[in-house]
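Visitor: The sequence shown begins at 8 in this note's numbering and counts up by one. Where a beta carbon is used, it is the ideal one built from N, C-alpha and C, also for glycine.
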Amino acid sequence: MDTWFTTEPILKEILNTGIHAIGMVKQLKQRYTYNGRQYTLPGLKKFVDFSGARNIFGSLIVTTKTGIPVKIVFVRNRNKKANVSIF
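1) Identify the residues that DSSP records as bridge partners of Ser58: which are they?
2) Within the same chain, show all residues whose beta-carbon is closer than 6 Å to that of Val55, passing over the 5 residues directly before and after it, in chain order.
3) Buried or exposed: where does Ile79 fall if 16 or more other Cβ atoms within 10 Å of its Cβ makes it buried?
4) Could you tell me which of Phe12, Leu67, Lys19 sits nearest to Thr73, measuring between CA atoms?
5) What would DSSP say about Leu67, mapped onto helix, strand or coil?
6) Going straight from the alpha carbon of Lys60 to that of Arg83, what length do you get?
7) For Ile75, which residues in the same chain have their Cβ closer than 8 Å to its Cβ, ignoring the five residues on either side in sequence?
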């Protein structure tokens, strides 16, 4: 497991302490529920406008497979401008 990225078990433990967290998400096969349907991260990208020179492209409120509501934010990667980082 790559400990730099946020995983659902770690997120559960953090939320159980009563605090919120910001973490980077790795594009694995996990699915998120958005508007009643299941999507992977590449599938969720379809709902965000990537045109323009903004550093923050947009965000979506989704739920994890265990029902934890999270906000996924799509941000321009500062090291590789053509890539997107997801928090």
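Guide: Let me lay it out:
1) Bridge partners of Ser58: none, in fact.
2) Counting only residues of its own chain and dropping the five nearest sequence neighbours on each side, Val55 has a CB closer than 6 Å to the CB of Phe64, Gly65, Phe81.
3) buried
4) Lys19
5) Leu67 falls in the strand class under three-state DSSP.
6) Going by the sequence as given, residue 60 is Ala instead of Lys. One C-alpha to the other measures close to 9 Å.
7) Glu15, Leu18, Lys19, Leu22
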